[in-house]
Amino acid sequence: MKVLILGSGGREDAFAWKLSNESQIEKIYVSPGHDGMSRFEKVETIGSFSHEELRDFAKEKKIDLTIVGPETALTMGIVDLFIDSGLRIFGPSKKAAQLEGSKIFAKNFMKKYEIPTASFETYDNYKDAVAGLSNWPIEEKGIVIKADGLAGGKGVVVTHDRSEAEHTINDFMINPEISVKSDTILFENILPGDEVSVFALCKGLDSFYLGSACDHKRLGDNDTGPNTGGMGCFRDPSWPDLNLLNKIEERILKPTLQGCMAEGMSYNGFLFMGLMIDEKSDPYVVEYNVRLGDPETQTLLPLLDGSLGQFIYDFIDSGSADGLSLKDEASVHIVATSGGYPSLDDSPLDLGHSIDLGNVQDGIFLAGIKNDENGNGYLNSGGRVLGVTVSSSTVDEAREKAYRLMENIKFKGMHYRSDIARRKRGETNG
Ligand code: AMP
Ligand code: GLY
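The sequence shown begins at 469 in the numbering used here and counts up one residue at a time.
Shown next as structure tokens:
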């Protein structure tokens, strides 16, 4: 089977690694990919192309399966384009991808189909948003403010401070110096509890539970500093337990797939349910993503037994497949970033430094790197540079081993958190 993977980060590196180890897979193309991916057998990176060019490439090379990493391609409708040409691609249609592409679309969908989520209000102009804010009990209950469209993790602010809330709506709706821009804005209640991301493969009303993971979004230890794409992640096999997974399936996954069907946007692809679990162990949706997560993918894929490529191929056709299972183990993934990341004000990152991998080969996923033209190794070329994943019988063991591995790796300006997978339930996420 020939596979095309779209994307260039650590998530796509993990896909390439997993598929390259599967005997069912003959060849893997990655677009755009990065310079490090050719370290895996059968993998060829092909650079950047338009969606139409990618479709033509897939036809010409007789690609059997295309897997989409990032959300943008999905919200722009790459799946519709490929399907119209009779190509097999795993991901939701443009319409269904709005579950991630528009937070307001997702909230209205959840309200209509009675899927538990925080209560909310929406505003489509600044004046009304200011008036709405003046009636919101911020000091007492806090508020979550969200820009409507995709914002690369920069479009959400959770606060108990009225002046911060006022600044945020000005930033999101008016301030030309802030990259997040939205004509529509969402206010919602803060959901208390523990955050967990749950992943399923879906086709119509059929689904397969892939696994769960908890990520760390803030840049610094103890959940301090700015939000990032994710600084690390862990999977604890003991939580969510079966009882909670059952609630998630009955109250969230099934009604979501039924709602999609009823809206004429039957859901195919990975579904990422970002959830908050309250003290009664009841799940609420914080957000949907219509793809796998980064770094959640790097945390979960090493725990999968069986061929992911074959499983997806069979599943797309029939909504059922076998031969894939998640090991009953813990895993921990730690991300290393470049100096200056996440650069919310778009100031330049500290790039171009030689990366000493210290002979680490297994368990490392590369992301923001490129070949050093003057040497044999890599230079850092992006915000999130690489990550290491270790699995073990307990989270504590996996964390210790992952940190030991990371200590071998060095580059100028390198930063990683020292408390990944230390969060206990009942502590807030960040
Ligand atoms: P989102 O982009 O919607 O996932 O939001 C980013 C992060 O903000 C989430 O992962 C949560 O940690 C936090 N967040 C978003 N909405 C809420 C909410 N209603 N209550 C508490 N935290 C939230
Ligand atoms: N780690 C969160 C995401 O991929 O959206």
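Note that beta-carbon positions come from the ideal geometry of N, C-alpha and C, so glycine has one too.
Could you have a look at residue i and say whether DSSP puts it in helix, strand or coil?
{"i": "A730", "result": "helix"}
{"i": "H749", "result": "For the sequence presented, residue 749 should be read as Ser rather than His. Three-state result, S749: coil."}
{"i": "L817", "result": "coil"}
{"i": "I802", "result": "strand"}
{"i": "K614", "result": "strand"}
{"i": "L710", "result": "helix"}
{"i": "I473", "result": "strand"}
{"i": "H519", "result": "helix"}
{"i": "G737", "result": "strand"}
{"i": "L812", "result": "coil"}
{"i": "G807", "result": "strand"}
{"i": "K892", "result": "coil"}
{"i": "G504", "result": "helix"}
{"i": "S491", "result": "coil"}
{"i": "G620", "result": "coil"}
For a quick check, are the C-beta atoms of residue i and residue j less than 8 Å apart?
{"i": "S859", "j": "E490", "result": "no"}
{"i": "F655", "j": "G600", "result": "yes"}
{"i": "L567", "j": "F558", "result": "no"}
{"i": "L487", "j": "A526", "result": "no"}
{"i": "L771", "j": "V666", "result": "no"}
{"i": "C701", "j": "C682", "result": "yes"}
{"i": "V664", "j": "P708", "result": "yes"}
{"i": "Q766", "j": "G478", "result": "yes"}
{"i": "I642", "j": "Y591", "result": "no"}
{"i": "V853", "j": "A870", "result": "no"}
{"i": "L899", "j": "A482", "result": "A query on residue 899 cannot be resolved here, the shown segment of the chain reaching from 469 to 898 and no further."}
{"i": "G672", "j": "M729", "result": "yes"}
{"i": "V612", "j": "V598", "result": "no"}
{"i": "P763", "j": "K715", "result": "no"}
{"i": "H684", "j": "G807", "result": "no"}
{"i": "L812", "j": "K622", "result": "yes"}
{"i": "A564", "j": "V758", "result": "yes"}
{"i": "G836", "j": "G851", "result": "yes"}
{"i": "M469", "j": "L533", "result": "yes"}
{"i": "G727", "j": "Y846", "result": "no"}
Give me the DSSP bridge partner(s) of residue i.
{"i": "E512", "result": "Y497"}
{"i": "V828", "result": "Its beta-bridge partners do not exist; DSSP assigns none."}
{"i": "Y846", "result": "I823 and N839"}
{"i": "R703", "result": "S799"}
{"i": "N695", "result": "R686"}
{"i": "G742", "result": "S665 and E755"}
{"i": "F833", "result": "G855"}
{"i": "H883", "result": "T805"}
Taking the C-alpha atoms as reference points, what is the distance between residue i and residue j?
{"i": "K510", "j": "I496", "result": "6 Å"}
{"i": "G831", "j": "N844", "result": "20 Å"}
{"i": "S815", "j": "D639", "result": "17 Å"}
{"i": "A484", "j": "E645", "result": "38 Å"}
{"i": "P560", "j": "A541", "result": "10 Å"}
{"i": "I531", "j": "D674", "result": "25 Å"}
{"i": "N576", "j": "G894", "result": "29 Å"}
{"i": "T636", "j": "F779", "result": "44 Å"}
{"i": "N842", "j": "H821", "result": "12 Å"}
{"i": "M458", "j": "M505", "result": "No information on residue 458 is available, as it lies outside the stretch 469 to 898 that the chain covers here."}
{"i": "I909", "j": "E865", "result": "Lying outside 469 to 898, the shown extent of the chain, residue 909 is not represented and no answer is given."}
{"i": "N839", "j": "D503", "result": "6 Å"}
{"i": "F676", "j": "A668", "result": "5 Å"}
{"i": "S799", "j": "L555", "result": "34 Å"}
{"i": "I546", "j": "I802", "result": "31 Å"}
{"i": "S861", "j": "R867", "result": "11 Å"}
{"i": "L817", "j": "R719", "result": "43 Å"}
{"i": "D689", "j": "N657", "result": "26 Å"}
{"i": "K562", "j": "G737", "result": "12 Å"}
{"i": "K571", "j": "T724", "result": "15 Å"}
{"i": "P584", "j": "K722", "result": "12 Å"}
{"i": "G515", "j": "L522", "result": "10 Å"}
{"i": "I784", "j": "E747", "result": "37 Å"}
{"i": "I823", "j": "T805", "result": "12 Å"}
{"i": "S602", "j": "G679", "result": "41 Å"}
{"i": "E512", "j": "T692", "result": "39 Å"}
{"i": "F508", "j": "D704", "result": "28 Å"}
{"i": "T627", "j": "E608", "result": "11 Å"}
{"i": "S455", "j": "I653", "result": "Residue 455 lies beyond the residue range present for the chain, which begins at 469 and ends at 898; the question has no answer from this structure."}
{"i": "G791", "j": "E797", "result": "18 Å"}
{"i": "S650", "j": "Q829", "result": "43 Å"}
**Request:** Let me know the beta strand (DSSP E) ranges lying completely inside the segment 527-606, each 3 residues or longer, listed in chain order.
**Result:** 533-536 and 588-591
Problem - Those runs of the beta strand (DSSP E) which lie wholly inside the segment 747-799 and span at least 3 residues - result: 751-757
Can you give, in chain order, each stretch of the alpha helix (DSSP H) that sits fully within the segment 623-689 and has at least 4 residues?
630-641
Original post:
What are the complete beta strand (DSSP E) segments, minimum 3 residues, inside the segment 848-878?
Top reply: 852-860
Around the ligand COA, which residues pass a check of Cβ closer than 5 Å to any of its heavy atoms?
This structure lacks the ligand COA; the ligands present are the ligand AMP and the ligand GLY.
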